[in-house]
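Protein sequence lines, in the order shown, are assigned to chains S and X.
Okay, so the first sequence: first residue is 171 according to the working numbering, each after it adds one.
Okay, so the second sequence: first residue is 16 according to the working numbering, each after it adds one.
Working notes, beginning with the structure itself.
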Amino acid sequence: MKVKVRFRLNGASKTDEIEPNQTLCDYLHDIAGTTSVKKGCDTGECGACTVLLDDMPVTSCLVLAPQVDGREVVTTEGLGTKLAPHPVQREFVEKDAVQCGYCIPGMIVTLSWIFEHAPGASDAEIKRLMSGNLCRCTGYLQQIEALKAARMRR
Amino acid sequence: MKSFQYLAPIPAFEYTAPRTLSELFETLDGHGNELQVVAGGTDLMIAMKERTVAPKIVVDLGRLRKELGGIAVEDRVLRIGALATFSQIESSPFVARYANALRQAAANVGTLQIRSIATLGGNLATASPAADSAPPLIALGATVTLLTRSGERVLPVQSVFAGPKRNGLRAGEIVSSVEIRANEEVRSAWTRSAVRDENVLSTVSVAVASTVKNGRFGPSRVALGAVAPTPILAEKASGAMTGSEATVEQAERVAALASEDARPISDIRASAHYRKRLVLVLTKRLILQIRSESMVL
């Protein structure tokens with residue numbers, strides 16, 4: 171039986187009827203059209219599906235879609251646009267912190283959260299906080315550099 | 016080929032999110048195995064994807080954050096609501112002041128993304144022998160309050176663990192909160208060994224809580240995770256530490272007893288023999304840490 175949900179997605183109010191056995195990851199990518207949300211491992215290990223739920227990064231593959239009722243969801247689409255990118259997004263481009271790109275939306279979500287909520291985080295603390303986002307091509311150094319460059323420009 | 020299961024959707028179920036506790040208990044009433052309560056969902060979602068749990072009804076506690084969440088100190092008791100997330104526990108000044116071992120464990124659970132939704136109550140109800148929150152709570156002598164329609168039960172934390180992934184909750188009962196005596200004199204610490212630093216199950220985890228006065232340990236408790244069917248209080252070690260002289264030699268004796276208290280198995284993470292060695296090394300390390308902290312002050 172479908173469940174009615176009302177929540178905020180990237181700043182806009184959204185009402186929908188959704189199948190409860192759907193993950194938030196599948197719902198956001200396949201139905202809501204926020205295709206930045208990538209399904210990787212589907213078990214909460216890789217972080218490709220990371221979104222902000224009430225301003226905390228979560229792996230959306232471990233959230234049931236109806237659990238967002240009354241809450242606020244932000245995906246990479248909601249962080250910035252092509253013309254007005256989030257500081258972390260802009261520095262990802264500057265620092266070439268991208269290869270295949272699959273992990274990047276999740277990385278951006280996590281690093282934007284670190285940017286806002288842990289502005290003084292040391293390298294070791296940044297690594298601890300981003301350990302839930304796996305990249306299998308470039309590694310992690312450019313992403314950390316991008317975050318630090320974004321902090322410098324703040 | 017378990018991983019292929021992930022490609023298929025989770026089997027259909029009915030979903031309900033009660034808005035009050037009385038609505039919750041009404042929903043829980045009269046349902047058995049076909050009903051599953053979900054808090055953070057980080058364990059349950061994987062179990063449902065793997066088909067090890069296949070509920071007909073999922074009852075989400077998410078709307079009861081006011082009733083079942085929060086971290087507060089009242090009447091010298093630190094009360095942590097079942098729906099408090101590990102991120103909230105990690106950043107709570109109350110937890111830092113009165114339950115340092117729990118703060119350390121919370122900061123090491125899973126990843127930032129897991130800690131943002133995984134809850135203390137869920138960690139206890141899942142009842143994994145490797146549950147990271149359990150050794151600190153057992154060492155700190157915490158109690159768990161369980162709630163039913165008709166009233167509450169207060170149990171020591173270790174009593175919630177009935178066996179590997181088996182909790183001691185009765186039908187219609189939920190974890191409501193965890194209580195720890197708010198005593199600034201109690202020093203506690205937690206550490207673990209694992210195959211890597213982050214996003215990993217503990218191979219062995221140890222927590223120690225004690226007070227040190229005039230060169231002696233006061234009431235002390237050593238608790239162990241991932242070395243028995245459930246997290247355990249290391250009884251011989253705790254008994255030997257309590258009231259003893261706070262010396263390096265005594266730390267070694269207590270650590271050796273903790274290793275005897277451990278009843279580990281060999282599995283993919285480590286052999287039983289290696290786990291017993293780890294208990295000895297980690298316990299000694301924690302006791303010396305608590306001892307040196309109290310000498311500085």
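Here a beta-carbon is modelled for each residue, glycine too, at the ideal position from N, C-alpha and C.
Check your understanding: Is the Cβ of valine 268 of chain S closer than 8 Å to any Cβ of chain X?
Key -> no
Practice item. For chain X, find out if any of its Cβ atoms is closer than 8 Å to the Cβ of glutamate 215 of chain S; answer yes or no. Key: yes
Practice item. Along the beta strand (DSSP E) that carries aspartate 90 of chain X, what are the first and last residues, could you check? Key: Per DSSP, aspartate 90 of chain X belongs to no beta strand (DSSP E) and is neither H nor E.
Practice item. Label serine 192 of chain X either buried or exposed according to how many other C-beta atoms from any shown protein chain fall within 10 Å of its C-beta, with 16 as the threshold for buried. Key: Residue environment: serine 192 of chain X is assigned as buried (16 or more neighbouring CB atoms within 10 Å of its CB, all protein chains considered).
Check your understanding: Can you tell me whether methionine 310 of chain X is buried or exposed, with buried defined as 16 or more other CB within 10 angstroms of its CB?
Key -> exposed
Review point. Using a C-beta to C-beta distance shorter than 8 Å, which residues of chain S count as neighbours of aspartate 75 of chain X?
Key: Leu234, Pro236 and Gln237
Practice item. Starting from the C-beta of threonine 308 of chain S, find all residues in its chain whose C-beta is less than 6 Å away, skip the five residues before and the five after it, and write them out in chain order. Key: If we look at threonine 308 of chain S and ignore the five residues flanking it on each side, its Cβ neighbours are Gln269.
Check your understanding: Which runs of the alpha helix (DSSP H), 4 residues or longer, sit entirely within the stretch 186 to 254 of chain S?
Key -> 246 to 249
Exercise for review: Can you tell me which of X:Thr35, X:Ala222, X:Gln128 and X:Val263 puts its alpha carbon nearest to the alpha carbon of glutamate 82 of chain X?
Suggested key: X:Thr35
Exercise for review: Please list the partners that proline 24 of chain X has in chain S, where partner means a Cβ-to-Cβ separation under 9 Å.
Suggested key: Glu189, Asn191, Gln192, Thr193 and Asp196
Check your understanding: For chain S, is any of its Cβ atoms less than 8 Å away from the one on phenylalanine 19 of chain X?
Key -> Low confidence applies here, because phenylalanine 19 of chain X scores a pLDDT of 49, under 50, leaving its location unreliable and the question unanswered by this model.
Review point. Are there 16 or more other CB atoms within 10 angstroms of the CB of arginine 306 of chain X, so buried, or fewer, so exposed?
Key: buried
Exercise for review: Go ahead and pull the three-state DSSP assignment for threonine 308 of chain S.
Suggested key: coil
Point to revise | Members of the stretch 299 to 316 of chain S near chain X, C-beta cut-off 7 Å | key: Leu299, Ser301 and Gly302
**Study point:** Buried or exposed (CB count within 10 angstroms, at least 16 for buried), valine 263 of chain S
**Key:** exposed
Check your understanding: Is the CB of glutamate 82 of chain X under 8 Å away from at least one CB in chain S?
Key -> False, the Cβ-Cβ gap to chain S never drops below 8 Å.
Point to revise | Alpha-carbon to alpha-carbon, valine 175 of chain S and glutamate 242 of chain S | key: 12 Å
Review point. Is there at least one Cβ from chain S nearer than 8 Å to serine 102 of chain X's Cβ?
Key: Yes, because at least one Cβ of chain S sits closer than 8 Å to the Cβ of serine 102 of chain X.
Review point. How would you list, in chain order, the residues of chain S whose beta-carbon sits under 8 Å from the beta-carbon of phenylalanine 109 of chain X?
Key: Within 8 Å Cβ-Cβ: nothing; phenylalanine 109 of chain X doesn't reach chain S, min ~20 Å.
Exercise for review: With DSSP as the reference, label aspartate 266 of chain S as helix, strand or coil.
Suggested key: DSSP places aspartate 266 of chain S outside both helix and strand once states are collapsed to three, so it counts as coil.
Practice item. Return the bridge partner residues of glutamate 199 of chain X from the DSSP annotation. Key: Looking at the DSSP assignment, glutamate 199 of chain X forms no beta bridge with any residue, so it has no partner.
Check your understanding: So which residues on chain X does proline 275 of chain S lean against when the C-beta distance must stay under 8 Å?
Key -> Result: empty, since nearest Cβ-Cβ is about 13 Å, beyond 8 Å.
Point to revise | Cβ neighbours of glutamine 119 of chain X in the same chain (closer than 6 Å, five flanking residues each side left out) | key: So the qualifying residues of the chain are Trp205.
Check your understanding: What residues in the stretch 23 to 54 of chain X bring their beta carbon closer than 8 Å to a beta carbon of chain S?
Key -> Pro24, Ile25, Pro26, Ala27, Phe28, Glu29, Tyr30, Ala32 and Val53
**Study point:** Against chain S: residues of the stretch 185 to 216 of chain X by CB proximity under 7 Å
**Key:** Glu213 and Asn214
Point to revise | Minimum Cβ-Cβ distance from aspartate 212 of chain S to chain X less than 8 Å | key: yes
Review point. Would proline 190 of chain S be called buried (16 or more neighbouring beta carbons within 10 Å of its own) or exposed?
Key: buried
Review point. Where does valine 263 of chain X sit, in a helix, a strand or coil, going by DSSP?
Key: helix
Practice item. Pull up the CB-CB distance for asparagine 303 of chain S and glycine 271 of chain S, whole angstroms please, since I reckon it's below 8 Å. Key: Between glycine 271 of chain S and asparagine 303 of chain S the Cβ distance is about 13 Å, and since that is not below 8 Å, they are no contact.
Review point. Going by DSSP, which residues form a beta bridge with tyrosine 30 of chain X?
Key: In the DSSP assignment, tyrosine 30 of chain X forms a beta bridge with X:Val73.
Practice item. To the nearest angstrom, report how far apart alanine 133 of chain X and methionine 226 of chain S are at their CA atoms. Key: So the two alpha carbons sit approximately 12 Å from each other.
Point to revise | Nearest-angstrom Cα separation, counted from phenylalanine 285 of chain S out to arginine 321 of chain S | key: Taking the straight line from one Cα to the other gives about 7 Å.
**Study point:** Alpha-carbon to alpha-carbon, glutamate 105 of chain X and isoleucine 129 of chain X
**Key:** Here the alpha carbon of isoleucine 129 of chain X sits roughly 13 Å from the alpha carbon of glutamate 105 of chain X.
Point to revise | Element boundaries [alpha helix (DSSP H), containing arginine 66 of chain X] | key: No alpha helix (DSSP H) holds arginine 66 of chain X; DSSP gives it neither H nor E.
Check your understanding: Whose C-beta lies closer than 8 Å to the C-beta of methionine 16 of chain X among residues of the same chain, with five residues either side of it excluded?
Key -> Any reading at methionine 16 of chain X is ruled out, since the residue's pLDDT is 41, under 50, leaving its predicted position unreliable.
Point to revise | For valine 172 of chain X, the nearest candidate out of X:Gly166, X:Ala261, X:Pro151 and X:Gly187 (CA to CA) | key: X:Pro151
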